[in-house]
Amino acid sequence: MAAFAAVLRKDLRVEIRSGQSTIALFALSLLIMVVLVFALSPQPADRARDGAAALWVALVFAGMLGATRSMIAENENGCIRALTLSPIDPAALYGAKLTAAFAFMAIVEVAAVVLITLFFNLDFGADLVRLAPSLMLGTLGFAALATLLAAISSRTRAGDLLLPILAIPLFIPAIIAGVKSSEAALSGFPLAAASQWLGILVAFDVLFVTVGALLFEHVIRED
Amino acid sequence: MKNKATAMLGWSTLIMMLVALFMVFEWVPTEEDQGIVQRIFYFHVPCAWVAFAAFGVVAISGVFYLWLKEQLFDDLGYAAAEIGMVFCTLVLITGSLWAKPIWGVWWTWDSRLTTTFILWLLYGGYLMLRSIADDTPEVARFSAVIGIVAALDVPVVVLSVRLWRTIHPAVLITRAGEHGLEDPRMVVTLLVSLAAFTALFGWMLMLRLSQLRTRSRLMIIRRDVALIEAAAGDY
Amino acid sequence: MARPAVETRALTKTFGVTPVLREVALRIDEGNCAMLIGGNGSGKSTLLRIIAGLSQPTYGDAIVFGENSRGLGLARRRIGMLTHQSWLYPNLTARENLEFYAELYGLPHREDLAMNWIDAVGLTASSNDRVREFSRGMEQRLSIARTMMTEPDLLLLDEPFAALDPGAVAIVGNLIRAAIARGCAALLTAHAPFDLDIEVARYQIANGRVMPLRDEPRAAPRSRMGA
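Chains as they are written, first to last, in the working numbering: chain A, 212 to 434; chain B, 18 to 252; chain C, 467 to 693.
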């Protein structure tokens, strides 16, 4: 547990100091939304759907960048080997990297929600609060998946190409559930309307956090 | 011994396939609503079964590889993934061929087609990893992890895609054809076809596995020869 | 009877089909120091990595404090390792790096400990500078502090004196001698033999084989009094 806190605090400290990942993540999600605004030419009638779609596209692509950067930082001076040699449990290490990735993505998403509200003429209000569960559950699931996969892709040639190829198909169930529940929230439906979707997101999160914690050992070890 | 078993399985596959072909084209009655097109179903379903079964083999061999670190399981996972990819592609093609006359479109986001398509993407990712990372010493380990993760993803995919289609207004609702096995001969034909494809899968798996096993053994032999040569150079 | 800290048995490693280490049999007892001399790409670093459990042997075993290196448990905690990569985070300061590792290893009084080690390797003036701004030699000093701070029972030092100025060489030499004096075992690598002023078993590594150094350019291991 002490080791978990140490790694997490280290990641947060580096990030607070440089702001590199968060700023890059934010810039990327802003640009993705700009592209989508022009690609979709938002109509008032579809604004909830378009807003939800833009939010999730931004989440997926910005999240991939964030997870990759976090693992590249561990590889830079061979630090991942120091962590492998240290007494830290790989599951705790995974938990720390996952928590850090989740925190960065969550910060960026708050900003992204403000942006889509402006871009798609949504209302600032209760709808945005109802968005929180689906967005946070989706972010957790994506961070869980991306942290595990980035550990693989950061150690392979052409890994930046490999990560989306691996991550996006695996993330499809969460994309479906996330977009649907976000759309319901932005359309002003109560949370209960999206309960089935939120259930799928919870299942996805539980599954991938567990699997990631169990398998992380195998993706950081060397032969 | 092993070759003999493979050959026997190969011959039985051939015979079963011929029987299945005869039944599909000559013996089984034509389905009334859909007509002749429905017969593709006797290939479509077995292909889907093999695609899913192969995925199961990939995941299970992944678990065994991480557990026992035996090269055999890495080879098995690789062989099963390649074959699974072929059959998954066949499912999508035969599905499209059937969908065009029945539904009027080549592709629709029907829940089963969508699930199969996602499965195809997952297989694609797995095989891309194997080809991109083939010079990384840990590729076997990484592939095992991806195989396991992908297989665990499938139930969530099925669940979410099903819910996605039911909540959406379905563009094309009628799909009675898939359940219209009113004639017992249709059931028998399907079962024979399933058995034939299962045998085909087993046979292909054995062939490809023995090829990969040979390659792995050759690597070990080359490695050991290099060690012996280096030892000879000491004197 | 001294207990072995490390013992390798017919340890063999290949990369692909290229042999890197061949049937290495090496034993280092607690409180002893061994020096491994070989050129670039001779397999020195690979041997150290295998002993630390960071790489897997192709054949044979490395036993570290009674545990097989293929699956090190508690023994990991007792290893201190220095490689040509510093294992330091460039965006953290020297202090933060050491405090992080102290926390990772569950050491008490982290702030004081980190500062003491920074003083010990002569980086007091740069303690609040980021490692990114360090020179190669400074990074090496800090990396040595990181290695020594956890008070390991086995030191694996890959070219510990590379990139160091004479002052730093003296400091690091003292640290190594102090560690060995308290019963730590050490395996050092170097391009060429050098004198550490203590009893050192010298080996050379060439073509993947490790053997006692035949051509002693300086003194026999036991004759440090006369050196």
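Idealized CB from N, CA, C, for every residue including glycine.
Does DSSP classify residue i as helix, strand or coil?
i                : result
Thr590 (chain C) : helix
Pro380 (chain A) : helix
His185 (chain B) : With a pLDDT of 46 at His185 (chain B), under the threshold of 50, the modelled position of this residue cannot be trusted; read the value that follows with caution. In the structure shown, His185 (chain B) sits in coil (DSSP, three-state: anything other than H, G, I, E or B).
Ser29 (chain B)  : helix
Gln228 (chain B) : helix
Met547 (chain C) : strand
Ile503 (chain C) : strand
Glu195 (chain B) : Only weak support is given to the placement of Glu195 (chain B): the predicted model assigns it a pLDDT of 49, under 50, and the value that follows is read from those uncertain coordinates. Looking at Glu195 (chain B) - three-state DSSP - the assignment turns out to be helix.
Val103 (chain B) : helix
Lys479 (chain C) : strand
Met212 (chain A) : coil
Arg432 (chain A) : coil
Ile190 (chain B) : Residue placement at Ile190 (chain B) is poorly supported in this model, since its pLDDT is 41, which falls under 50; the coordinates are not used for a value here.
Val486 (chain C) : strand
Glu473 (chain C) : strand
Ile494 (chain C) : strand
Arg596 (chain C) : strand
Val666 (chain C) : coil
Gly121 (chain B) : coil
Gly52 (chain B)  : strand
Arg648 (chain C) : coil
Pro201 (chain B) : helix
Val166 (chain B) : helix
Rounded to whole angstroms, how far is the Cβ of residue i from the Cβ of residue j, which I believe are closer than 8 Å?
i                : j                : result
Leu222 (chain B) : Ala97 (chain B)  : 6 Å
Ala518 (chain C) : Leu622 (chain C) : 6 Å
Phe214 (chain B) : Pro63 (chain B)  : 3 Å
Gly509 (chain C) : Val483 (chain C) : Their Cβ separation, rounded to whole angstroms, is 15 Å, which puts Gly509 (chain C) and Val483 (chain C) out of contact at 8 Å.
Phe272 (chain A) : Leu356 (chain A) : Their Cβ separation, rounded to whole angstroms, is 14 Å, which puts Phe272 (chain A) and Leu356 (chain A) out of contact at 8 Å.
Arg612 (chain C) : Asn563 (chain C) : 7 Å
Gly526 (chain C) : Leu477 (chain C) : 4 Å
Nearest to residue i by CA position, among the options, is which residue?
i                : options                                : result
Gly142 (chain B) : B:Arg234, B:Leu31, B:Glu99             : B:Glu99
Ala651 (chain C) : C:Gln670, C:Glu617, C:Ala586, C:Lys479 : C:Glu617
Leu554 (chain C) : C:Pro574, C:Arg536, C:Arg602, C:Arg515 : C:Arg602
Met677 (chain C) : C:Glu489, C:Ala468, C:Arg544, C:Leu570 : C:Glu489
Val177 (chain B) : A:Gly262, A:Ala323, A:Gln407           : First, the amino acid is wrong: residue 177 (chain B) is Ser here, not Val. If we check each option's Cα against that of Ser177 (chain B), A:Gln407 comes out closest.
Phe481 (chain C) : B:Asp251, B:Ala248, B:Ala243, B:Ala249 : B:Ala243
Leu266 (chain A) : A:Ala278, A:Ser297, A:Ala414, A:Leu242 : A:Leu242
Pro375 (chain A) : A:Arg224, A:Thr279, A:Ala264, A:Ala314 : A:Thr279
Leu339 (chain A) : A:Ala354, A:Ala322, A:Leu351           : A:Ala322
Pro523 (chain C) : C:Arg536, C:Gly532, C:Phe531, C:Ser511 : C:Arg536
Ala568 (chain C) : A:Ile318, A:Ala312, A:Ile299           : A:Ile299
Trp123 (chain B) : B:Leu109, B:Arg129, B:Glu155           : B:Leu109
Leu224 (chain B) : B:Pro172, B:Trp126, B:Tyr95            : B:Tyr95
Ala658 (chain C) : C:Ile529, C:Thr590, C:Phe627           : C:Phe627
Phe39 (chain B)  : B:Met102, B:Leu207, B:Leu26            : B:Leu207
Leu425 (chain A) : B:Val80, B:Pro201, B:Val103            : B:Val80
Gly230 (chain A) : A:Ala369, A:Ile318, A:Phe382           : A:Ile318
Leu402 (chain A) : A:Leu346, A:Ile379, A:Ala354, A:Arg432 : A:Leu346
Leu138 (chain B) : B:Val103, B:Ser78, B:Ile245, B:Leu85   : B:Val103
Give me the chain B residues within the contact set of residue i, using Cβ-Cβ distance strictly less than 7 Å, ordered along the chain.
i                : result
Arg485 (chain C) : Note that residue 485 (chain C) corresponds to Pro in the displayed sequence, not to Arg. Within 7 Å Cβ-Cβ: Ala243, Leu244, Ala247.
Arg475 (chain C) : Going along chain B, no residue has its Cβ under 7 Å from Arg475 (chain C), so there is no contact; the nearest lies around 16 Å.
Pro380 (chain A) : Ile135, Leu138, Leu139, Gly142
Thr205 (chain A) : In the structure displayed, chain A extends from 212 to 434; residue 205 (chain A) sits before or after that span and is not available.
Ala436 (chain A) : It is not possible to answer for residue 436 (chain A), since the shown part of chain A is limited to 212 through 434.
Please compile the residues from chain B whose C-beta is within a distance smaller than 9 Å of the C-beta of residue i.
i                : result
Thr478 (chain C) : Leu244
Arg612 (chain C) : Within 9 Å Cβ-Cβ: nothing; Arg612 (chain C) doesn't reach chain B, min ~26 Å.
Strictly below 8 Å CB to CB, what residues from chain C border residue i?
i                : result
Arg239 (chain B) : Val483
Asp11 (chain B)  : Because residue 11 (chain B) is not part of the residues shown, which for chain B are 18 to 252, the question remains open.
Just the chain C side, please: which residues come within less than 9 Å of residue i by C-beta, in chain order?
i                : result
Gly250 (chain B) : Asn673
Ala229 (chain A) : The identity of residue 229 (chain A) in the sequence shown is Ser, whereas the question assumes Ala. Those are Asn557, listed as they occur along chain C.
List, in order along the chain, the chain B residues whose C-beta lies closer than 8 Å to that of residue i?
i                : result
Arg488 (chain C) : Leu244, Ala247, Ala248
Val439 (chain A) : Missing from the structure shown is residue 439 (chain A); chain A here goes from 212 to 434 and no further.
Leu426 (chain A) : Leu83, Val162, Ile165, Val166
Which bits of chain C does residue i rub up against, with CB to CB less than 7 Å?
i                : result
Gly289 (chain A) : Thr549, Gln551, Trp553
Met433 (chain A) : Here residue 433 (chain A) turns out to be Glu, not Met, going by the sequence shown. Result: Leu520, Ser521.
So residue i contacts chain A; which residues on that side make the cut at Cβ distance below 8 Å?
i                : result
Gly526 (chain C) : Here the premise fails: no neighbours, minimum Cβ distance about 15 Å.
Ala707 (chain C) : Here chain C comprises residues numbered 467 to 693, so residue 707 (chain C) is not present and cannot be evaluated.
Cβ closer than 7 Å: which chain A residues qualify as neighbours of residue i?
i                : result
Ile163 (chain B) : Leu377
Ile545 (chain C) : Leu296
Problem set entry | In chain order, each alpha helix (DSSP H) run of at least 4 residues that lies wholly inside the segment 296 to 383 of chain A | The qualifying runs are 301 to 330, 337 to 364.
For this session: Note down, one range per segment and in chain order, each beta strand (DSSP E) of at least 3 residues found wholly within the segment 514 to 559 of chain C.
Result: Runs of the beta strand (DSSP E) inside the segment 514 to 559 of chain C: 525 to 530, 545 to 548.
Exercise. What residues in the segment 214 to 240 of chain A have a beta carbon less than 8 Å from any beta carbon of chain F?
Worked result: The structure shown contains no chain F; the protein chains it does contain are A, B and C.
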